[in-house]
Amino acid sequence: MKKFSSKDTPLSLYIHLPWCEKQCPYCDFNIDTNKRDGEEESLVEAILTDLDASKKYILDRKFISVYFGGGTPSLVKSKNIEKILLKLLNNQMLENDCEISFEFNPKEVSLDYVTDLSNMGVNRASIGIQSFDEDTLKSLERNHNAHDALKALDIIAGVSSIKTSIDLIYGVMNQTPLSLEKDINIFCSQNISHLSMYQLTIEPNTIFYKKELKIPKDTEIEAMELIATNLLNKSGFYQYEVSSWAKDHSFSRHNINYWMYGDFLGLGPGAHSKITTENSIKRMIKLKKVSSYIKNPSKVSEQEISSNSYDIDLAMNLLRLKNGVSFDELRKRKIYLSETFRKKLQDGIENNLLEKNGIKATDIGYKFLNDTVNIFS
Ligand SMILES: C[S@@+](CC[C@H](N)C(=O)[O-])C[C@H]1O[C@@H](n2cnc3c(N)ncnc32)[C@H](O)[C@@H]1O
Ligand code: SF4
Numbered sequence: 044m045k046k047f048s049s050k051d052t053p054l055s056l057y058i059h060l061p062w063c064e065k066q067c068p069y070c071d072f073n074i075d076t077n078k079r080d081g082e083e084e085s086l087v088e089a090i091l092t093d094l095d096a097s098k099k100y101i102l103d104r105k106f107i108s109v110y111f112g113g114g115t116p117s118l119v120k121s122k123n124i125e126k127i128l129l130k131l132l133n134n135q136m137l138e139n140d141c142e143i144s145f146e147f148n149p150k151e152v153s154l155d156y157v158t159d160l161s162n163m164g165v166n167r168a169s170i171g172i173q174s175f176d177e178d179t180l181k182s183l184e185r186n187h188n189a190h191d192a193l194k195a196l197d198i199i200a201g202v203s204s205i206k207t208s209i210d211l212i213y214g215v216m217n218q219t220p221l222s223l224e225k226d227i228n229i230f231c232s233q234n235i236s237h238l239s240m241y242q243l244t245i246e247p248n249t250i251f252y253k254k255e256l257k258i259p260k261d262t263e264i265e266a267m268e269l270i271a272t273n274l275l276n277k278s279g280f281y282q283y284e285v286s287s288w289a290k291d292h293s294f295s296r297h298n299i300n301y302w303m304y305g306d307f308l309g310l311g312p313g314a315h316s317k318i319t320t321e322n323s324i325k326r327m328i329k330l331k332k333v334s335s336y337i338k339n340p341s342k343v344s345e346q347e348i349s350s351n352s353y354d355i356d357l358a359m360n361l362l363r364l365k366n367g368v369s370f371d372e373l374r375k376r377k378i379y380l381s382e383t384f385r386k387k388l389q390d391g392i393e394n395n396l397l398e399k400n401g402i403k404a405t406d407i408g409y410k411f412l413n414d415t416v417n418i419f420s
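Next comes the structure, spelled out in structure tokens:
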């Protein structure tokens, strides 16, 4: 029996551009702070070679979204971004209404650069603002200040074809509920329709992990979440995923495809892919080091999702969506629900962690999402 259907699984493209000006002490993304002469051009060539070699994963699908992430994509020259986008366009690899997102650090947002990208088809910007508060930005050791953040938003607002999203972080050392309230108020006063709001996580292998930090207490974090929710709701923003808020249905199509268990092809150092075939789902990771990827762009470490891990892999994604996924949508996308998955779903419903209509956490199930997801382990 064919369990899966690649042709019915929407496909997104992720392109990892790894360079950063400096290493932020909280970040555990695959980044590189030492770009060598000519390396940018070599990486772009390697990405194009990798794209050519990926036909077996793409089949006859077109990309519904493209996401340039990092690292700091905005450190890459626009003419090099153009090489990638031209190849995608000339080979008719993009759906007509393809969402093309690009991550910026506030310091690199200039009108020339943003206009260049917009002329190439980029239609969504994600800006790593983190906070508008000088003390919070200092705690995070960011290389930009509040003025840079506001200036970046001003510039991007002048390019009408680009929809904007910003990233904010809360739960930072010395940050108070009041300072987060100010951040949210500034955000809501801008003409922006999407917010990614992350709680600071102290990841192993980061500089912060080795320090003793005075992170706000759990009660303060809860107060921050409550204040943010109330202010955002009042301004017409609704949470649609654990860290994502949108108004006027301006959801991130790219990220929704991840959470709806769509496929994605990842190009660039350390990029992840998920690819569906008729009988299996594979997750793959490219070589992480920039120079290794350039030498061998198609080399991956790969892991097939076994029938044992399928249930939790699926639940971990679908349940991040606040409104879950209806059975109709699951049928439309030909998402396979195993017997064991259906049984666990019943357990979750009986324990009031899951709702009956579709794959959706109840309010309490969403509050304790890890426990809810673990039903499927
Ligand atoms: C890949 S980063 C890239 C964005 C861009 N380089 C920047 O820093 O502005 C995407 C986002 O992840 C979030 N992030 C990274 N590390 C985090 C952490 N340890 N805790 C919470 N959020 C984090 C930040 O909000 C950041 O903007
Ligand atoms: S947070 Fe952004 S700028 Fe800082 S190191 Fe990570 S990817 Fe680079």
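Just so we're aligned: the sequence shown equals residues 44 to 420 in our numbering. From the three backbone atoms N, C-alpha and C, an ideal C-beta is built for every residue, glycine too. In this text, all values refer to a predicted model and were calculated from it rather than measured experimentally.
Notebook entry, point to check: Of all Cβ atoms in chain D, is any one closer than 8 Å to the Cβ of I170?
Noted result: The structure shown has no chain D; it contains just one protein chain.
Next item on the list: Could you tell me whether the segment 95-115 touches the segment 133-144, where touching means 3 or more Cβ pairs closer than 8 Å?
Entry: Contact holds between the segment 95-115 and the segment 133-144, because three or more Cβ pairs, one in each stretch, are under 8 Å apart.
Next item on the list: Spell out a yes or no on whether the segment 86-94 and the segment 329-338 are touching, meaning 3 or more CB-CB pairs, one atom from each, closer than 8 Å.
Entry: Cβ pair count under 8 Å is three or more, so yes.
Check: Enumerated in chain order, which unbroken segments of the alpha helix (DSSP H) with a length of 4 residues or greater are wholly contained in the segment 261-286?
Finding: Complete alpha helix (DSSP H) runs here, min 4: 261-277.
Note to self: Rounding to the nearest angstrom, what Cα-Cα distance links E345 and P68 in this structure?
What the structure shows: Those two C-alpha atoms are separated by around 29 Å.
Note to self: What does the Cβ neighbour count give for I383, buried or exposed, with the cut at 16 atoms within 10 Å?
What the structure shows: At residue 383 the sequence reads Thr, which differs from the Ile that was named. Of the other Cβ atoms in all chains shown, fewer than 16 fall within 10 Å of the Cβ of T383; this residue is therefore exposed.
Next item on the list: With a threshold of 16 other CB atoms inside 10 Å of the CB of I318, please say whether the residue is buried or exposed.
Entry: Flag for I318 reads buried.
Note to self: Check whether the segment 194-208 and the segment 236-256 are in contact - that is, three or more C-beta pairs closer than 8 Å.
What the structure shows: Result yes; three or more Cβ-Cβ pairs closer than 8 Å.
Notebook entry, point to check: Within 10 angstroms of its Cβ, does H190 collect 16 or more other Cβ (buried), or is it exposed?
Noted result: Per the 10 Å Cβ criterion, exposed.
Check: In the structure shown, what three-state DSSP assignment does S169 receive?
Finding: For S169, the secondary structure class from DSSP, reduced to helix, strand or coil, is strand.
Notebook entry, point to check: Counting by C-beta, which residues lie closer than 6 Å to a heavy atom of ligand 2, in chain order?
Noted result: So the residues near ligand 2 by this Cβ test are C63, Q66, C67, C70, F72, I74, G113, G114, T115, N148 and G171.
Notebook entry, point to check: For D261, which of P220, V119, T272 and L364 has the nearest alpha-carbon?
Noted result: With distances taken between Cα atoms, D261 lies closest to P220.
Notebook entry, point to check: DSSP three-state call for G391: helix, strand or coil?
Noted result: Here G391 carries a helix assignment [DSSP, helix/strand/coil].
Note to self: Quick check on the DSSP output: what are the complete alpha helix (DSSP H) runs of length 4 or more inside the segment 275-361, in order along the chain?
What the structure shows: With a minimum length of 4 residues, the continuous alpha helix (DSSP H) runs that stay inside the segment 275-361 are 296-302, 333-338 and 350-361.
Checklist line | C-beta atoms of L308 and S169 nearer than 8 Å | finding: The answer is no: Cβ separation not under 8 Å.
Check: Can you name the start and end residues of the alpha helix (DSSP H) that L132 belongs to?
Finding: L132 -> alpha helix (DSSP H) spans S121 to N133.
Next item on the list: Report all residues from its chain with a CB closer than 8 Å to the CB of T249; omit the five preceding and five following residues, and keep chain order.
Entry: The residues P68, Y69, C70 and D71, in chain order, have a CB closer than 8 Å to that of T249 in the same chain once the five nearest residues on each side in sequence are set aside.
Notebook entry, point to check: How would you label I407, buried or exposed, when you count the other beta carbons within 10 angstroms and need 16 or more for buried?
Noted result: Exposed, because fewer than 16 other Cβ atoms sit within 10 Å of the Cβ of I407.
Notebook entry, point to check: Rounded to the nearest angstrom, how far is the Cβ of G171 from that of E146, given a contact under 8 Å?
Noted result: Correct: roughly 7 Å between the Cβ atoms.
Checklist line | Bridge partner(s) assigned by DSSP for A404 | finding: Partner(s): L397.
Check: Hey, out of T415, V368, F411 and Y304, whose CA is closest to S49's CA?
Finding: Minimum Cα distance to S49 is reached at Y304.
Check: ligand 1 heavy atoms versus the CB of E246: any closer than 7 Å?
Finding: Yes, since a heavy atom of ligand 1 falls inside the 7 Å radius drawn around the Cβ of E246.
Checklist line | Heavy atom of ligand 1 within 7 Å of I212 beta-carbon | finding: In terms of side-chain proximity, the C-beta atom of I212 is found nearer than 7 Å to a non-hydrogen atom of ligand 1.
Notebook entry, point to check: Would you say K329 and V343 are within 8 Å of each other, going by their C-beta atoms?
Noted result: Contact flag set, yes.
Next item on the list: Taking only runs that begin and end inside the segment 151-231, name each unbroken beta strand (DSSP E) of 3 or more residues, in chain order.
Entry: With a minimum length of 3 residues, the continuous beta strand (DSSP E) runs that stay inside the segment 151-231 are 167-173 and 206-213.
Note to self: Taking 8 Å as the limit between beta carbons, can you name the residues of its chain near W302, skipping five residues before and five after?
What the structure shows: E284, N360, L361, R363 and L364.
Notebook entry, point to check: Since N417 is in the alpha helix (DSSP H), which residue starts that stretch and which ends it?
Noted result: Looking at the DSSP string, the run of the alpha helix (DSSP H) that includes N417 is L412 to N417.
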